[in-house]
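> Please read through the structure below; I'll follow up with questions.
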Amino acid sequence: MNQYRSQMSVTDKLSGTIELTGAMSSVIKQTYMLLGVSVFCAMAGGYVGATSETMVSFFSSRWGWVAAMLLLNVVPWIAMACRNNPTLGVTALVADGFLSGIVLSPILWIASQYAPQMILAAFMVTAAVFLAITGYIMSTK
């Protein structure tokens with residue numbers, strides 16, 4: 000049996016609210032915490048990549064682009080293959096977040112050359128929004 004009310008219209012399903020069970024709420028909170036881990040690792044990877052000229056020059060090259068596309072497509076497959084093993088799944092999630100940040104390093108490096116204060120401002124706005132949403136999700140039932 001479907002847990003969602005099938006008699007609801009499409010607009011009600013998109014904009015309405017559904018009463019969550021305790022298990023559904025727990026899954027949403029755990030998923031959001033894993034998203035937070037991935038975002039934090041992406042920020043760390045972006046910092047490491049943007050401060051390393053070697054990473055910037057590699058991922059700015061043609062072979063770096065190919066490597067980035069391969070890595071960003073293979074690591075999620077690994078995470079999906081490890082979904083029944085929490086340790087390996089979280090490790091793959093951390094690796095995917097970190098690699099995502101490193102792949103963005105050429106863009107971050109260019110931004111730091113033209114307007115270094117914009118990176119800090121973007122970080123602050125992203126952190127504030129993410130913390131506010133996280134606080135809301137974790138405090139609601």
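Take the sequence shown: its position 26, counting from 1, is numbered 25 in numbering that gives the first Met the number 0, and each next residue is one higher.
Positions of the beta carbon are idealized from the N, C-alpha and C atoms, including for glycine.
These numbers come from a predicted model, not from an experiment.
Suppose contacts are defined by Cβ-Cβ distances below 8 Å. Is I118 in contact with G44 by that definition?
No, the Cβ-Cβ distance between I118 and G44 is not below 8 Å.
> Per the contact definition of three or more C-beta pairs closer than 8 Å, is the region 81-92 in contact with the region 18-36?
Touching, yes.
> Leaving out five residues before and five after V74 in sequence, what residues of the same chain have Cβ atoms less than 7 Å from its Cβ?
Within the same chain, V74 has close Cβ partners A91, A94, D95 and L98.
> Helix, strand or coil: how does DSSP classify N83 here?
N83: coil per DSSP, three-state reduction.
> Checking 8 Å against the spacing of the C-beta atoms, do S104 and V55 come in under that value?
Yes, they are a contact pair.
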